[in-house]
Amino acid sequence: MNSPEQIHPALWRASQLGNAHGRTLDSGFRMLNRELPGQGWPLGQLMELLVDEPGTLECRLLLPALRQLAQGALMLVAPPYVPQISGLSHDDNFRQRLVWVNPALLKDRLWATEQILRHRSSAAVLLWADQLRNDQLRRLHLLAQQTESLLCLIRPMSVAQTPSPAALRIAALPASYGMQVRILKRRGKAMDEHLPLYLPAHPYLSDLQHDRQPAVVQPAQRASRLLQ
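In terms of numbering that gives the first Met the number 0, the sequence shown opens at residue 0 and continues consecutively.
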């Protein structure tokens, strides 16, 4: 008998971990990869990361994957704090590809994100936004499917019970050893327990141990140059 995924790639057994629908990007965490369809973050699809206090955990969770992307802009749309570029990486190529876009209004954040996705030149797009309607989420998901980009929407934990078209939803909580994550939605069997992720004491990962200079706010690059 054919498996559901052999019949159609959008089908999978609810009791098993489904295959990825498209390409994936290694998360940088082996334990987490084993729980993710395709062994990594989905590319060309909307994923959501839920946190209680945005600004730190999402960076620690996503940075190992972002640093694997050798080409394309890394777009940060409306982060809660001014990005400390020098603290994120000592790799000049990585720093030069970071672009900070900071619209004040939600409608402008969505518009900017949509334009970035339509341009298809960005390797990753991180959007910080709170309350979004289902049609707005679906629009982002559909636009992401026309790209090979990592699209991650960072939202508050309070929306965990609201429906979303995102292919993957993850909740992250701080822990003394780093963080613990719970997969709220994925292709396949639901995950009830929390998964511990052990992180080094340095907030920007252990391989930055030689970067001892104090973090300095770098001038933000204009996103317009990428949308021309």
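Backbone N, C-alpha and C define an ideal beta-carbon position, used for all residues, glycine too.
Just verifying my parser: in three-state terms, what is the DSSP assignment at residue i?
i    : result
M46  : strand
M30  : helix
R117 : helix
L105 : helix
L61  : helix
L35  : coil
L142 : helix
L131 : coil
L167 : strand
T55  : coil
D91  : helix
T112 : helix
R137 : helix
Just grab the DSSP bridge partners of residue i for me.
i    : result
T23  : P41
P155 : V50
Q179 : L172, P195
V98  : M74
L126 : V76, L152
K184 : R168
Apart from the five residues on each side of it in sequence, which residues of its chain come closer than 7 Å, Cβ to Cβ, to residue i?
i    : result
R154 : E47, L49, A128, D129
L183 : A159, R168, I169, A170
A189 : none
L65  : L73, A123
L42  : G21, R22, T23, L24, E147, S148, L149
Could you check if residue i is buried or exposed, using at least 16 other CB atoms within 10 Å of its CB as the buried criterion?
i    : result
L141 : exposed
L116 : buried
S121 : buried
Y203 : Confidence in Y203 is poor, its pLDDT being 46 and thus under 50, which makes the residue's placement too unreliable to answer from.
W40  : buried
T161 : exposed
P57  : Here residue 57 is Glu; the residue named in the question, Pro, does not match the sequence. When all chains shown are included, E57 counts as buried.
S175 : exposed
R59  : buried
L24  : buried
H201 : Any reading at H201 needs caution, since the residue's pLDDT is 48, under 50, leaving its predicted position unreliable; the model's value is listed next. Under this definition H201 is an exposed residue.
L104 : exposed
A143 : buried
W110 : exposed
S163 : buried
Q108 : Going by the sequence as given, residue 108 is Arg instead of Gln. Counting Cβ neighbours within 10 Å, R108 comes out buried, since at least 16 surround it.
Suppose the cutoff is 8 Å on Cβ atoms and the five residues either side in sequence are ignored; what does the same chain contact list for residue i look like?
i    : result
A165 : Q44, L45, M46, E47, L136, H140, L152, K184
Tell me which residues share the same chain as residue i and place their Cβ nearer than 6 Å to its Cβ, disregarding the 5 neighbours each side in the sequence.
i    : result
Q179 : L172, H193, P195
G54  : P79, Y80
P63  : G27
R96  : A72, L73
Q145 : none
L126 : V76, T112, L152
G177 : L196, Y197, L198
R119 : T146
query: Does the pairing of the region 27-38 with the region 99-118 give three or more beta-carbon distances under 8 Å?
result: no
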